[in-house]
Amino acid sequence: MQKILFIICICLNLASLHAFAEAKKIVKWVDSKGVTHYGDKLPTQENGRSNTEMNNHGVVIKKNIVLDQQAAVLDHQKEQEKLDQARRDKILLASYTNAQEIDLARDRNLETDQAALQTLTQQKQINTNRISRNNITAQQLKKANKPLPADLSDVIKQAKLESENIDKQIKQRNANIVNTRKHYAEEKDRFIALKQNNLNALEPSSSSKAAFAMSVNATQ
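Number 1193 in my numbering belongs to position 122 of the sequence shown; there are no gaps in the numbering.
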């Protein structure tokens, strides 16, 4: 009997906690005039309107979006994407007069990373040779049963760390080169497509050509 009473008490406590949490809930919504409101619940006249539920710390715990408004949000996002793309296209067409200029811009932007990569490759080779010489010295001392000098151990350790750092920089420079090539390849493709679309828009349609031919024949 005591066990049953204990379980009932736990259930009542959980229900009380849930009710307390619900009481602390804050609802945020925007009315038809665009004014933002906060309250413990959505007013009756605002039923069916999208709203956001937050806890008493202002952290969003749930978003209730009406389907019609969801569609409106998606439409707005798509429209914004179109506007952004149109803006980028305008800048692209204003930046270059032909596709060859894009290749030149790509090459200019590659110069820094390519020069750095060449320097890093040389540094890596020098460091690799240094590690090799130090390892040979260490092996010779070991064969002669002589202790390895502390400074030589430090030099070998430092050279290995430097080699790892160079490898990381080489990896980053290679990634920069790949990203740069990809960026300008996409810009070039887009530029060519836009130019072609402009040419197609300027060309008369087949029906216009036919009408023009008929008018010429009629005057002869």
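Beta carbons are placed, not taken as given, at the ideal position from N, Cα and C, and that holds for glycine.
In the DSSP assignment, find the unbroken beta strand (DSSP E) run with residue 1104 in it and report its ends. The sequence position of residue 1104 within the sequence shown is 33, counting from 1. Segment: none, residue 1104 is in no beta strand (DSSP E) and carries neither H nor E.
Check this for me: beta carbons of residue 1181 and residue 1252, under 9 Å apart or not? Position 110 of the sequence shown, counted from the start, is the residue given in the question as residue 1181. Position 181 of the sequence shown, counted from the start, is the residue given in the question as residue 1252. Yes, Cβ-Cβ distance for residue 1181 and residue 1252 is below 9 Å.
How many angstroms separate the CA atom of residue 1070 from the CA atom of residue 1244? Because the chain in this structure spans residues 1072 to 1291, residue 1070 falls outside the shown range and cannot be described.
Straight-line CA distance for residue 1157 to residue 1168? Position 86 of the sequence shown holds residue 1157. Position 97 of the sequence shown holds residue 1168. Rounded to whole angstroms, the gap between the alpha carbons of residue 1157 and residue 1168 is 18 Å.
DSSP three-state label for residue 1214, please. Start at 1 with the first residue of the sequence shown, and residue 1214 comes out as number 143. Helix at residue 1214.
Rounded to a whole number of angstroms, what is the C-alpha to C-alpha distance between residue 1234 and residue 1124? Sequence index remark: in the sequence shown, residue 1234 carries index 163 (1-based). Sequence index remark: in the sequence shown, residue 1124 carries index 53 (1-based). Cα to Cα, residue 1234 sits roughly 54 Å from residue 1124.
Proximity winner among 1247, 1101, 1201, relative to residue 1027 (alpha-carbon distances): No answer is possible for residue 1027: it lies beyond the span of the chain, which begins at 1072 and ends at 1291.
For residue 1147 and residue 1272, the rounded distance between their alpha carbons: As a first step, residue 1272 must be located in the sequence shown, where it is residue number 201. As a first step, residue 1147 must be located in the sequence shown, where it is residue number 76. In a straight line, the C-alpha of residue 1272 is about 28 Å away from that of residue 1147.
Would you mind sorting residue 1173 into buried or exposed? The rule is 16 or more other CB atoms within 10 Å of its CB. By 1-based counting over the sequence shown, the position of residue 1173 is 102. Label assigned to residue 1173: buried.
If contact is defined by three or more beta carbon pairs under 8 Å, each pair taking one atom from either stretch, is the region 1099–1106 in contact with the region 1114–1121? yes
What's the call for residue 1197, buried or exposed, on a 16-neighbour Cβ count within 10 Å? Start at 1 with the first residue of the sequence shown, and residue 1197 comes out as number 126. So residue 1197 ends up on the exposed side.
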